[in-house]
Structure formats: C-alpha cells, structure tokens
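Single-structure report; data block below.
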Amino acid sequence: MISKLIAFSIKNRWVPIAGILAVIIGGIYVYTILRIEAYPDISDTNVVIITQYQGRAAEEVEQQVTMPIERSLNSVPGVIFRRSRTIFGLSVVQLTFDDNVEDFFARQYVSEKLKNAQLPPGVTPELGPLSSPTGEILRYVVRGNENYTPMDLKTLNDWVIIPKLLQTVGIADISSFGGPLKQYQVLTSPERLKKYNLTLKNLISSVEDNNLNTGGNIIERGEQGFAVRGIGAVANVRDLKKIVISSSGGVPIFLEDVASIEIGPPYPSGILGYSIPAEGIRENSGTEGIVLLKRGEDTKETLKRLKEKLNEVISNDLPEGVEIHVIYDRSNLIDFTLETVSHTLIEGITIVVIILVVFLGSFSSALVVAVTIPVALLFSFIMMKITGIPANLLSLGAIDFGIIVDGACIMVEHLVRSIKSAPVGDRKNGIYNFTTHSAQEIGKELFFSVAIIIIAYTPLFAMQRIEGKLFSPMAFTISFAILGSFICSITVVPVLISFIYKKKFEEVGDGFYNTRKNILSPLADLGNKAIASLKKINPYELVLIRTMQIPNFGFFLIFLIITGIGLLAVRTGTEFLPPLDEGSIFFRCNLPSGISIHKSAKLAPEIRKIISKHNQVKSILTQTGRNDEGTDPFGANRTEILINLNPYNEWVNDTSKAELVLKLKSELKAAFPGAYFAFGQPIIDQVTEVVNGSAADLAVTIAGENLTEIRSVGDRIKAIIKKIPGASDVGIEQEGPQGQIVVNINRENAARYGINVSDIQLMIEAAIGGKTISTVYEGTQRFDLVIRFLPESRSSIEDVKKMLVPSITGSQIPMSELADIRMVDGQTNIYRVEGKRIITVRANIRGRDQGGFAKEVAQKIKSMKLPRKFKTALGGQFENLDRVTSQLSYTIPFTLLLIGLLLFILYKDAVSMLITILSLPIGILGGLAALWVRDYYFNVSAGVGFVSLFGVAIMAGVLLVSSYNRELKDLSFAYTDLKDLRIRIISISLVQIKPILMMITVALIGLVPAATSHGIGSDIQRPLATVIIGGLLTCLLLIPIVLPSIYFSFFKWRIRKLVNGRKNTEID
C-alpha cells in the first residue's frame, strides 16, 4: 500500500501539492478557533453536595446532615471515592466518579438519590457549581471611595455585579467572598421582654404577621378586570419599628419599644484582605468575586467574553466612586505559558533547519525537509480540533520537531544519495521513475518506524485520571504530527525532490548538487567539507574495525549497559510530577483551633506587610475562613494567601522563586511561631486536594470511629514523620478540638415547669445565634430579617444561664434551672472517607524523592503495630505516583510486545527483531544518566520522555538492521570468509551512519531549548526533554557500534549453523 501511494503521488504530482495547500489553509483557520489554555483540566468528574445548617456544631451537622446524605448516595453508580467534610454549620460531601461518567449524568444520579435523604426541616442540599479545581479563572475586588461602606460594596457585588457577570457564556458560578452581609436585625434583651411581659415567640409571630403581601384575586369593573393586592410587607427600618406587638392599657406596644431595629452584618464566615504594594492599596475588609469556569469551556474565549461584560458593568452599572479591580487573571498564565511554548518551538525549528542544512549539504534539500514541520504542525491542529484536544503547555510544549522530521530526513537523504549514484541506465528512464523506485525502497521501513514511534506512546494512551488527562492529549498531538509528517514524507517529499533535481539528473556526480547561493550556503558548504573529510579519514570506520575484531564485543557492551541501568535506577528517586511554576505563590496559614475569625483576620494585614517588603510581589490576597456559598469547608483559623508575582524579567535581583519562597517561609515562621504554613501553587494544590483529599506531597490517613483515639494515633505518626529526612510542613490536616458551650436540657425540670424542649431550643437558636424570621425586599434585592439578643445579653456563659424561658404559667424560668450549661471540647471539623471518620497527617517533601520518602514512612508505620480498629493509607500526590507505577508495570511490557510484533512483521526474522530491540537499553541508559547528572527525579514527565525515546531508538536500529538484511539477503554462503563479511557490514554501516547521525542529531538538538527553558510552564518540559536528549546521545554514540557487532556475531552464528547443517567447511 505504501509503494502504491508513493507511485500515485509522483505520477499525479499536483494532487499531494494541492493536499498540502489544503492542510496549510485548513490548519491556519483551525488555529484561530482552537481552544487554548495554560494547563489541561486534570481533575476527575466530581459532584459536590453543599448543605448549610446554620448555627449547628460539627457533631450535629455530621449526624443530622452528612451521614443521611452519605447513606442516600451509597448506591450512586460509577463512584470511585466518597469523601465528606463537616464543620460548624456546613456539610460538604464529595463524590468522585470514574472517567467514563459524564458530568451531567453524574449530577443527575446524585440529584435523584438526594431526594431520599432524611434531613432536618428547612435544610436543603445544593449541588456545587459545574466547575473544576482548575476553574478559577479570574478574581476581582470591589473598591469604593469614602462614601461607600464595606456593606455597600458587598451588596453591590452580590446584587448588581455578580448577576450581570453570570450572563457570560462559559461561566459556571461566581463565588462571593468577604464583606459584611446586609441584614435587618431586631435586637432585644431579657430585661426589655420582661418589662412588657413578652416572649421571643411574641416578637417572632408579630413580625411574621406584619410582613406580608397578599392578593384578592380579580375585581371586574365594566369590561376590565383589576388585580387586588394587599401591601403589608415592610420596606425599611421605619416600617419595622411601627409593628404592633401588643398593647397595655389600650396603648399599643411597638417593636421599637421592645427592641432596637438596625441594619447590620451577621457573624462573618469569611474576611478578605488585599494589598497592591506598587499602588499603595491596602484593604482589611474587602469584597471579592471568584469567577469559576464551566467545565469543558474554552478558558481564553470565556475570559475574553467575561472582560467585555466586566467593562460593560463598569460603564453602565457601577455608581460613581466605585471601581472593580482585577487581582488575578488566568489570561496572564495562559500568555506566559504560550510564550514559553512558542519560544521553545521557534528555537527548536530554527536549530533543526540549520542542522539539516549542515547534514544535507544543500539548502534546497534542507528546505524540502523543513516543509514537513509546518505541515505536520497544522495537520495536528486540524486533528486536535476534530478530537476536541485543546492547545496547552503539554499538548504543544513536548513536540520535538527533530523527531517529527526524522522520516523526511531519512527519505531525503536516501533519495539524494540514490540520485547521486544513479547509473546511466536509470537516468534514461527519467527522474520520476527513478524517484518512485528509490522512495519505495525506504517506504516500508519508514512506515514501520513511524508505526513503532506511535505505538511507543501506548502507555500514555492507557493512562487514567490525572496522569491521563495530563499526558494522553500530548501523546495524541505528537502522534498526529508524526502521522502528518509521514504522509508528507512519502507523498510530497519525493515530488519536491524530483522537481528540484529533474534538470540536473544527468549531471549527478560524486557530491551533492550545487544549488543557487543563499544565506545558508556557507552552512551547506561546511557540511559538504565535513563529509568529504570523513571519507578520507573515518574514525567511525576505525572503531568498527577494532570492535568487530573482538569476539562478542557487542554483547559485552550490552551487559555493561544493563548493569549501568540497574545502578542508575537504584540511585534515581521518584516523584509524581516536577514542581509546577504557575507564576504565583499560594500558601495556607493555620492558627490554633478555636480562634475567633476576627482575631484570625487581624493577623492577615501583618502577613501581607511582611510579604509586601519583597519587590518581586505584585499583589497579595488573604482569605480568612470560608466563602458565603460554603464551597470551601474551612474554619476561622485558616487563612489562604495568594501572591501574584511580577514577571520574572522585571525582577531586580537574582533571587529565584524557590529562594523567595524559602525567605517568606522563614520570615513568617519567625513572626508567627504558633502558626503552621504550607506553601504550594494555586492550581495544582486545589486539584490535588479535590482528587486525593489533601494538597500535600504525602498524606497518611488514619480511619476509625473515635476521633480522640484517631487523633492520638495521628500525633504519634506526625512525630515519627518529622524525624524522617526530607519531611517539611508536617502537621495534622484537621484542626484540633475547640471549646463549646453545651446546653444539656434537663427534661424532667423542663416538664415540671410545663416548658417544651422546643421553647428552650428557640431561646438558644434565636436569642444567641440569631434566627431568620422573615425577609425584607428592596426592589430586586432581598435581605434576611433576623431576631437576636443584644451582644451584652449573650456574650458569656453566665449570660446564657440568666436567660429566661417562659413557662406554661407565664413565669420566667432561668436557663440554669432547665439545663446543665458548661464548657467542653468539641470537634472543629470532621472528615470522613467511605463512611469512616479519618485524621490526616500531611507532609511536604523537600530535597528528597517522593517514592523513597513514602516507602520509609510506610515502614515506620508498619513497625508501630497499630490495633486492627485503625486503618492507615498513604495518599496525597504519592497516591498518584503509586497508581502510575502500577499502570506502567503492565502497559510498558505490552507496548514492548507490540513493538516486537511489528518488528517481526517487518523482518519476518526473530533474530533481527531482537537485535533491533537492543537499541532500547542503550537509550534508557542515557536517559537515566541525564536525570542523574541534572539531579532530577524520575516522574511521569520523565517517563513520557522515555516513551518518546523508545520510538526513536528503535527507528535508528531499524535503519541499520534493515540495511544489513537488504544488502546481505541470500548471501550467507558468499561470506564464509569472516573478513569479507566484516568488511561488508562495515561498508553498509558507513552508508547508514549519515542518516542515523542526522536523524538523531536533529531530534536531539531540537529539544535543547525545552531542556534549558526556565519560563513559566517549562517545569514539566525539562525532565521530558532531558531524558530524550540523554537517551539520544547514548543512541548516537553506541547504536552504530553495538548493533553492527551483534549483527556480525549473529550472522556468523547463522552461517556456522547453515554450514554445519550441510556438513560444509567449518567456519573458524
């Protein structure tokens, strides 16, 4: 089929040319509409169920909300993990689904099952937004002049800005964080109620009865019908004050007589602060909007639409004196990442073209090969659009144009060499017939080589979850580019070569054609001179002569190579992914549990002040507590800090980002000795936390029933991990117990006074916590109407004891006579996995590989010999590493089996197949050595480099072994003299060394920019490129030496077998 395609292309020369033009035009168009993002969405299919149960402690929320929801969702199909987090007033249950389950189906399953959950009255679970951990694409803050209070800005954000921005196509949700929420508050006290002989129930019922609108249906008048409305809803504070509660001696008692009515905030769930040092902006109580991208949408296009809508809101909807300040924009990361990728690609292409000119000795021939680069890239764009693969750091950043043009390099070198040495008889048949025959000679080998390169990516195609979403698109993209290059190599390249050399076909001499002089002609001349000098004194020939005289020299080298692989493998550590640089710093500050949110938030300005001293910092955002929607189940003791950095090229000193992180960590720990700081990156931390339950490099989960016992075990494990070299930021994920005021109702005493438990509970809920009893409408806005005691009547445990509960006789009974009121320790938060309570010991790893560290941790925990009622498991990023290792343990052998099968089909000879496969350990040795030299760990990125390396190494082996088989076919008995056989193998090797040298050098040097790049997004490229460069270097040095020697040994053995079988002359 390949031969027929080559013949058709040369016979119908303008068809492939037209096809290539179509690919170019189509590829350029597709690129303009191709989805572009910085990093792929690597999270699993998740459904989050958020349930708020205001004012309830974590234990009550777990028992009455979390556990019923978990039970109702146990039968949801396709779930691989069930996790939940319960804190004061909030339950968050997370279901992680198999990759095959689509988002909408998962949400539908969950919604159906949630109907069966038996929850307290008024408690309604909601599904989290259809977004992902990578979905935070923009953050903005609302700022105003002195005429606007923080409450005004918060109200403006919630009721004007967010609803408008939600109209943007592609936005899943906008989360509001910080700023005092507006409430209408009715504040009373026991003394004022007692003065008028009223109860809380009286106030609540009166307010509810006096805040209603009603309808009287329709009154007809003549031919018209008029709707009847009864307007009785309160519209402002004045209306509330004039609500009649009761009367005394014919004098009405108004609400304002019994309570103070004011507009104020509830107890805050989250407090936002931010600083922009260059502009002198510092805000301690700000309002923020966090924009979440709908899962599967185009980040860049959505951001473009969002900014247009944002400008529209600024122009038309904001009052004078209010502005929106964007403080985090994913566009910056996309631009920086694409700049890194573009810079790397342009450098790689330029180097490849220069190397081609040097090796081919002809600018026109190099240009023919270079044509395949844009064609292959544009072809891959078209296929990416068809298959829905977006353009990002991984799908484009790992493309090695040296590997992509290898097929074209081999084809051009073979055609030009054949044309140069064409006999007179072949010239008479014309250039097209000759080119057809010559291209067909190499076409089959090229096909199998390209097929092997693509099949080598099988482990990437088979990857699952995070690693699959990271690297499978890259494998498909490279495969598309290689396929496009191969099609171009067997169709367009022969046609272009025949065009270039048609007129001078009869003038072929001993060198390459002299084409018209151009800017790269000196490079071509340099290449020709180098080749001519090699022909006079060829060091490669001398090496072959010496090595092939040593018996089994090739086998000895293979033994040394495999030994070297073993030694290097033992010394090379493992990790899941290299640290990613997102151009920003994200870290968490955890204070002791039980701290109030106001005290916790007071430390945030001090943290920002310390960070602001560094001129590399552009802005700092601090978030204490959780957002209003409850999507972040964090307590008041947790502050998240996002630091946006200035572009690296604007930094005035040589400090690296890693050094800046170490300085910040040291300064903050010194300033806040009781705080726990954990540094990371915003995107990867959120992804890891959602996928694995913890953002740490390693997380040890201890499951059981009694949280006190589990925490005790966790403390022991934490102490052990702290002593292990490489441990950093060691701590327990869940905060410790916090103080609670427990009102334990005495039912007998309550019954004696004729008081219901619900009356006591109403006092606790409304008087202390505040109870929402109605709603106040202001145009399109609505605000809660809350009743509560004044602060001075509910600020201590003694105040609670003095609260009066009305009895059936009308007397007021102190709370202390109805309940046992005391201070106890209770849970701050409760984590559950698969229905079991857990405690998580987290640790980051510094200066050591994840695999070795986790292995030592596992051994230490095993030596503890914990009781069977405790179950431990290792998670965090190490969980991903463990899963990938397991996958590769069977996908790589399967891939090698497929490669061997293809080689056997190509050669129809098991010996040739085995000789070619020996190219693999040669490449592996170089890849491991390169990792060791650069002090890199083996991670998934490096593993991808090895997979890419397999195909190129095999391709080099195919070139040699195929040439040996083709030239020595059916000539076994002609070489009974080993000297003649040796000379023949050496002569074939000398012919093939040039295409091998060119193929490997082009691929190797094309990746140098990626291996040395340090821009944003380059972290994941460097290990990959390092492995390929190291492997190709050893392939370049050893394959041309090892394979001829081994082939000679096997051929000698085969001849000896044939001769002995026919009882012929014995070969010495």
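Okay, so the sequence shown: first residue is 0 according to numbering that gives the first Met the number 0, each after it adds one.
For glycine and all other residues, C-beta sits at the position ideal for the given N, C-alpha and C.
Every beta strand (DSSP E) of 3 residues or more that sits fully in the segment 731 to 758 is shown, in chain order, as 737 to 744. Assignment of glutamine 849 by DSSP, reduced to helix, strand and coil, places it in the helix class. Contact between isoleucine 402 and leucine 924 fails: their C-beta atoms lie close to 19 Å from each other, not under 8 Å.
As the crow flies, the alpha-carbon of arginine 84 is around 11 Å from that of glycine 834. Per DSSP, methionine 547 is one residue of the alpha helix (DSSP H) stretching across 538 to 547. When the Cα atoms are used, glycine 229 and valine 159 turn out to be separated by approximately 29 Å. For glutamine 991, same chain residues with a beta-carbon under 6 Å away, outside a window of 5 residues either side, are Leu958, Leu959, Ser962 in chain order.
Assignment of glycine 214 by DSSP, reduced to helix, strand and coil, places it in the strand class.
By the Cβ neighbour-count rule, valine 756 is exposed, with fewer than 16 other Cβ atoms within 10 Å of its own. In this structure alanine 21 is exposed. Its beta-carbon is surrounded by fewer than 16 other beta-carbon atoms within 10 angstroms. One thing to note: alanine 369 has its Cβ within 8 Å of the Cβ of valine 352. In summary, arginine 464 is buried, with 16 or more beta-carbon neighbours lying within 10 Å of its beta-carbon over all protein chains present. Counting along the chain, glutamine 182 sits inside the beta strand (DSSP E) bounded by residues 182 to 187.
By the Cβ neighbour-count rule, glutamine 107 is exposed, with fewer than 16 other Cβ atoms within 10 Å of its own.
In this structure asparagine 828 is buried. Its beta-carbon is surrounded by 16 or more other beta-carbon atoms within 10 angstroms. DSSP places proline 128 in the coil class of the three-state scheme, outside both helix and strand. With a beta-carbon spacing of about 26 Å, valine 321 and valine 168 fall beyond the 8 Å limit used to define contacts.
In the displayed model, tyrosine 963 falls within a helix according to three-state DSSP. Contact between leucine 469 and proline 39 is confirmed by a C-beta separation of about 6 Å, below the 8 Å threshold. The DSSP-derived three-state label of phenylalanine 671 is coil. The way I'd put it, the segment 843 to 856 doesn't touch the segment 763 to 777; fewer than three beta-carbon pairs between them come closer than 8 Å.
By the Cβ test, the segment 681 to 691 is not in contact with the segment 813 to 827, since fewer than three Cβ pairs between them sit closer than 8 Å. Per DSSP, the beta bridge partners of glycine 229 are Thr213.
Glycine 624 is positioned such that its CB atom lies closer than 8 Å to that of glycine 269. Annotation: glycine 88 is outside any beta strand (DSSP E) and is labelled neither H nor E by DSSP. The C-alpha of glutamine 680 lies about 7 Å from the C-alpha of glutamate 581.
Assignment of leucine 1006 by DSSP, reduced to helix, strand and coil, places it in the coil class. Under the three-state reduction of DSSP output, glutamine 811 falls in the strand class. Assignment of beta-bridge partners to aspartate 824 by DSSP yields Gly738. For tyrosine 108, the enclosing alpha helix (DSSP H) begins and ends at 102 to 113. Contact check for isoleucine 995 against glutamate 966 fails: the beta carbons are separated by 8 Å or more.
A direct Cα-Cα distance of roughly 33 Å separates serine 363 from leucine 33. Taken through DSSP and simplified to helix, strand or coil, arginine 82 comes out as strand.
Restricting attention to Ser330, Ser488, Arg607, Ser815, the CA atom closest to the CA of valine 404 is found in Ser488.
In this chain, the beta strand (DSSP E) harbouring phenylalanine 788 covers 780 to 788.
Under the criterion of beta carbons closer than 8 Å, tyrosine 273 and serine 618 qualify as touching, at roughly 7 Å.
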